[in-house]
Amino acid sequence: MSEVKKVATRQSYGEALVELGKEHENLVVLDADLAAATQTGKFRAVFPDRHIDCGIAECNMIGIAAGIATTGKVPFASTFAMFAAGRAFEQVRNSVGYPHLNVKIGATHAGISVGEDGATHQCNEDIALMRTIPGMTVINPSDDVEAKAAVRAAYEMDGPVYLRFGRLAVPVINDKPEYKFEVGKGVTLRDGRDVAIVATGLCVNSALEAADLLKAEGVDARVINIHTIKPIDAELIAKAAKECGRIVTVEEHSVIGGLGSAVCDVLCERQPAPVKKIGVQDVFGESGPAVKLLEKYRLDGKGVYEQVMEFVK
Amino acid sequence: MNKTELQKMAVEVRKGIVTGVHAAKAGHPGGSLSAADVFTYLYFEEMNIDPENPKDPGRDRFVLSKGHTAPGLYSVLAHRGYFPVEDLKTLRHVGSHLQGHPCIQHTPGIDMSSGSLGQGISAAVGMALSAKLSGDTYRVYTLLGDGEIQEGQVWEAAMFAGHRKLDNLCVIVDNNGLQIDGPVDQVCSPYPIDKKFEAFNFHVVSVDDGNDFDQLKAAFDEAKATKGMPTAIVMKTLKGKGVSYMENQVGWHGKAPNDEEYAIAMADLEKAGEALCQK
Chain W
1 MSEVKKVATR QSYGEALVEL GKEHENLVVL DADLAAATQT GKFRAVFPDR HIDCGIAECN
61 MIGIAAGIAT TGKVPFASTF AMFAAGRAFE QVRNSVGYPH LNVKIGATHA GISVGEDGAT
121 HQCNEDIALM RTIPGMTVIN PSDDVEAKAA VRAAYEMDGP VYLRFGRLAV PVINDKPEYK
181 FEVGKGVTLR DGRDVAIVAT GLCVNSALEA ADLLKAEGVD ARVINIHTIK PIDAELIAKA
241 AKECGRIVTV EEHSVIGGLG SAVCDVLCER QPAPVKKIGV QDVFGESGPA VKLLEKYRLD
301 GKGVYEQVME FVK
Chain V
1001 MNKTELQKMA VEVRKGIVTG VHAAKAGHPG GSLSAADVFT YLYFEEMNID PENPKDPGRD
1061 RFVLSKGHTA PGLYSVLAHR GYFPVEDLKT LRHVGSHLQG HPCIQHTPGI DMSSGSLGQG
1121 ISAAVGMALS AKLSGDTYRV YTLLGDGEIQ EGQVWEAAMF AGHRKLDNLC VIVDNNGLQI
1181 DGPVDQVCSP YPIDKKFEAF NFHVVSVDDG NDFDQLKAAF DEAKATKGMP TAIVMKTLKG
1241 KGVSYMENQV GWHGKAPNDE EYAIAMADLE KAGEALCQK
């Protein structure tokens, strides 16, 4: 088997900021003493004057970003998901969401794939928190190609955007000439009629691997990549439920309030269907190598495959 | 404006506060009245603004970090010509552009939504930083309550502003001494306020009477002349100033006058206005 190219989406974030920074003078980047980890250090190396380190003060950083946005510049405020969506939730809601300011939040180290740092830093709640804020766009890219496209799309649109990135290097799955990113549009990666697996972030790759294993068992699974959780592609999801009858959602996030809940919100109103929510159950994470944790929490290809089999049999 | 004209305007601003809160049957008169003079000074004397062009990129900015005193800000904006004074009677009514706390999307002249305490100062710091990044010359003012500075975010913002030497930023603390649960020094003392801002690398101007226009002018002139560091103006004021029964009363932090109390308040202010006309 040939070696699959792997890139952490936080690295894609840092690289995309540099590219966009070259094109747009009004782009500024903020960080809270995590420039190496969030990869905004790449931007700082090229544009030191447009990189603002706020120190370990995330609430203030979000407020500063809001103030900057009122003056017409486009700030990307960067820190770990735990602190961007968790600690600074109310600043994001009241200083960014309510005034609907053009602030982009680059949240890295989301989910249990943070790994060794353990539960305090593994944010499995950010999608739930961010999608409740009116007017907030929430994007969770699946790989390097999509992450870079998402950063560009976030810059190009007006209004607040929450971008979710991971620490772990993940396979590049969208490196195709026909790849196109559109905010709010899901992507059908594989057609199928027996069950539709709707996945987001690094779990999209797990879903594809699971679909291969399911095929061998005679289960024909559709795989849909929902990179934009809000606004969600309700059309595509309702169509999948209608044609496949059963839906499985897969996310590296709590099963409470994330993609699974967003999909159920769509289906209960438009196309009721049985749904299996795969994700982090109602528990905190723990320390360990990211890959081992994904295995333990059954978010890798094998874990998803097994859970889909239990659901469809 | 000369001092008497500013004083007369401040009386009109206070009438607008009382009228708005009375019509809303809710709101925060005490801290609006303590800050009525600084609102008046900023919008009629100090700031480079144009009500005809409220989004002018080169304008000075004001962020009401103590956002609950919106009735004071709305009143001064109305009297300065951003919207009709009549609108003040719609304060907090369903469908009104005058929300309970300032909203950048609703009201002309509002530079930032605020009201959740401790957040406005960070936005003001962001505006000041943005001006520095692009070489713009506008100044940024933000008004905080003395209770508000109990919020930790205020000091995150202060540390950053001092570190970045944002001399285009002027932080004003309305030290009226009272918060909802009682006197600030009994609830959780913020004192000494001046030494705290000094420790965060601010130039500090202490104002003995923040309801006196001469002292306000001296303080803002000093702030403007200060280079290489942000300025904090810590001004002692009288909560409820101008309405006899509200002055220095904790109970008038967040309560609306009834019809009878409204009449007394307006009579107090009429009298103050007439006294100024005798001058």
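Read top to bottom, the protein sequences are chains W and V. Residue 1 is where the first sequence starts when you use the numbering used here, and the numbers rise one by one after that. Residue 1001 is where the second sequence starts when you use the numbering used here, and the numbers rise one by one after that. Here a beta-carbon is modelled for each residue, glycine too, at the ideal position from N, C-alpha and C.
| Query | Result |
| --- | --- |
| If you count every other CB in all the chains shown that lies within 10 Å of the CB of residue 1 of chain W, and 16 or more means buried, which is it? | Confidence in residue 1 of chain W is poor, its pLDDT being 49 and thus under 50, which makes the residue's placement unreliable; the coordinate value appears in the next sentence. Result: exposed. |
| Taking the beta carbon of residue 272 of chain W as the centre, do at least 16 other beta carbons fall within 10 Å, making it buried, or is it exposed? | exposed |
| Within 10 angstroms of the Cβ of residue 1080 of chain V, are there 16 or more other Cβ atoms? Answer buried if so, exposed if not. | buried |
| Below 9 Å on C-beta distance, what does residue 24 of chain W contact in chain V? | By Cβ distance, chain V contributes nothing, its closest Cβ being about 13 Å from residue 24 of chain W, past 9 Å. |
| Starting from the beta carbon of residue 73 of chain W, find every residue of chain V whose beta carbon is closer than 9 Å, and list them in chain order. | 1130, 1133, 1134 |
| Should residue 193 of chain W go down as buried or exposed, given a rule of 16 or more other Cβ atoms within 10 Å for buried? | exposed |
| Of all the options W:58, W:143, W:50, which has the alpha carbon lying nearest to the alpha carbon of residue 86 of chain W? | W:58 |
| Between residue 98 of chain W and chain V, is the shortest Cβ-Cβ distance under 8 Å, so that the two count as touching? | yes |
| For residue 251 of chain W, which of helix, strand or coil comes out of DSSP? | strand |
| Show which residues of chain W have a CB atom less than 8 Å away from the CB atom of residue 1124 of chain V. | 67 |
| Applying the 10 Å Cβ sphere with the 16-neighbour rule, what's the burial state of residue 1279 of chain V? | exposed |
| According to DSSP, is residue 28 of chain W part of a helix, a strand, or is it coil? | strand |
| Report the option in W:279, W:270, W:309, W:135 whose CA atom is closest to the CA atom of residue 237 of chain W. | W:270 |
| Should residue 86 of chain W be flagged as near chain V, meaning a C-beta pair shorter than 8 Å? | no |
| For residue 1204 of chain V, which of helix, strand or coil comes out of DSSP? | strand |
| With 8 Å as the threshold, decide whether the Cβ of residue 105 of chain W is near any Cβ in chain B. | The displayed structure is made up of protein chains W and V, and chain B is not among them. |
| Whose C-beta lies closer than 7 Å to the C-beta of residue 215 of chain W among residues of the same chain, with five residues either side of it excluded? | none |
| Identify which residue in V:1276, V:1067, V:1008 has its Cα closest to the Cα of residue 1254 of chain V. | V:1067 |
| I want to see whether chain V comes within less than 8 Å of residue 57 of chain W, judged by CB atoms only; does it? | yes |
| Tell me, to the nearest whole angstrom, how far the beta carbon of residue 139 of chain W is from that of residue 40 of chain W; I am working on the premise that it is less than 8 Å. | Wrong, their Cβ atoms sit about 17 Å apart, outside the cutoff. |
| By DSSP's criteria, residue 123 of chain W is part of a beta bridge. Which residues make up the other side? | W:110 |
| Going straight from the alpha carbon of residue 1040 of chain V to that of residue 1006 of chain V, what length do you get? | 7 Å |
| Please classify residue 1061 of chain V: does DSSP put it in a helix, a strand, or coil? | strand |
| What are the residues in the region 14-47 of chain W lying within 8 Å of chain V by C-beta distance? | 28 |
| Chain W beta carbons: is any one of them nearer than 8 Å to that of residue 1223 of chain V? | no |
| DSSP three-state call for residue 93 of chain W: helix, strand or coil? | helix |
| If you draw a straight line from the C-alpha of residue 239 of chain W to the C-alpha of residue 254 of chain W, how long is it? | 25 Å |
| With DSSP as the reference, please indicate the residues paired to residue 79 of chain W in a beta bridge. | W:107 |
| Near residue 200 of chain W, which residues of its chain fall below 6 Å by C-beta distance, leaving aside the five closest residues on each side in sequence? | 140, 226, 251, 259 |
| For a contact defined as C-beta to C-beta under 7 Å, what are the partners of residue 60 of chain W on chain V? | 1122, 1153, 1156, 1157, 1160 |
| Apart from the five residues just before and just after residue 103 of chain W, which ones in its own chain have a Cβ nearer than 7 Å to its Cβ? | 65, 66, 69, 75, 77, 96, 160 |
| Step through the CB atoms of chain V and report whether any lies within less than 8 Å of the CB of residue 319 of chain W. | Outside the modelled stretch of chain W, which goes from 1 to 313, sits residue 319 of chain W, for which no answer is possible. |
| For residue 1111 of chain V, return the contacting residues in chain W, with the cut-off set at a CB-CB distance below 8 Å. | 70 |
| Measuring CB atoms only, is the region 1213-1226 of chain V touching the region 1241-1254 of chain V, in the sense that at least three cross pairs come out at less than 8 Å? | no |
| According to DSSP, is residue 1071 of chain V helix, strand or coil? | helix |
| How about residue 254 of chain W: is its C-beta nearer than 8 Å to some C-beta of chain V? | no |
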